[in-house]
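Report on the structure given below.
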């Protein structure tokens, strides 16, 4: 019985040790479970963080792609604008060259027209002088008539007035039409038209010229007759 008691005590001791070991192992298991839960929570948090980071990275990549597309579009627009500016520059240079050539051509035409106008002016002046001289030669008459009577008194000098109406009719009908043809011009349609030396209306210019010529002729004749009277 003593041996049985000893064995029983030993068994009890081993059982107590086993229970203690069981309790320790349970504590270790609880600690391990807690550590596992902590690690799982940390892992989940890390995964969540990585997920947020991945989403942010995807968003950043999307924005970067959009920026690259916008930059490419801007580069294309800038290239198109550059080409357009080059074309405009080339066109402006061509137009400038054409305008310079046109200006030179217009300068040459203006010089030719100016020379022609000066020549026509000289011809007109010569024609007017020739016409005036012709009128003066044709119209110079002796309007003074000396009458000698049988009486011993001094001879009577009778003087007729200047034939103004005849002078006007002669200048208007015989002289002006002859040199007015000098002023014939052709318009853009090829039609002939009369135009004064400075582009004014021919009728009004001829009327003015007629009055000037008539006045010049009358003045010339008056001076001529007056000088003849003085010589007498």
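Residue numbers (the working numbering): 1134 to 1365. Even for Gly, the Cβ is constructed at its ideal location relative to N, Cα and C.
Just how far apart, CA to CA, sit residue 1159 and residue 1194? 51 angstroms
In angstroms, rounded to a whole number, what distance separates the CA positions of residue 1180 and residue 1174? 10 angstroms
How big is the Cα-Cα spacing for residue 1203 and residue 1241? 56 angstroms
Please classify residue 1342 as buried or exposed, where buried requires at least 16 other C-beta atoms within 10 Å of its C-beta. buried
Tell me the rounded alpha-carbon separation between residue 1164 and residue 1178. 21 angstroms
Going along the chain, which residues of its own chain have a beta-carbon closer than 6 angstroms to the beta-carbon of residue 1227, five neighbours each way excluded? none
Could you compute how far the alpha carbon of residue 1230 sits from the alpha carbon of residue 1216? 21 angstroms
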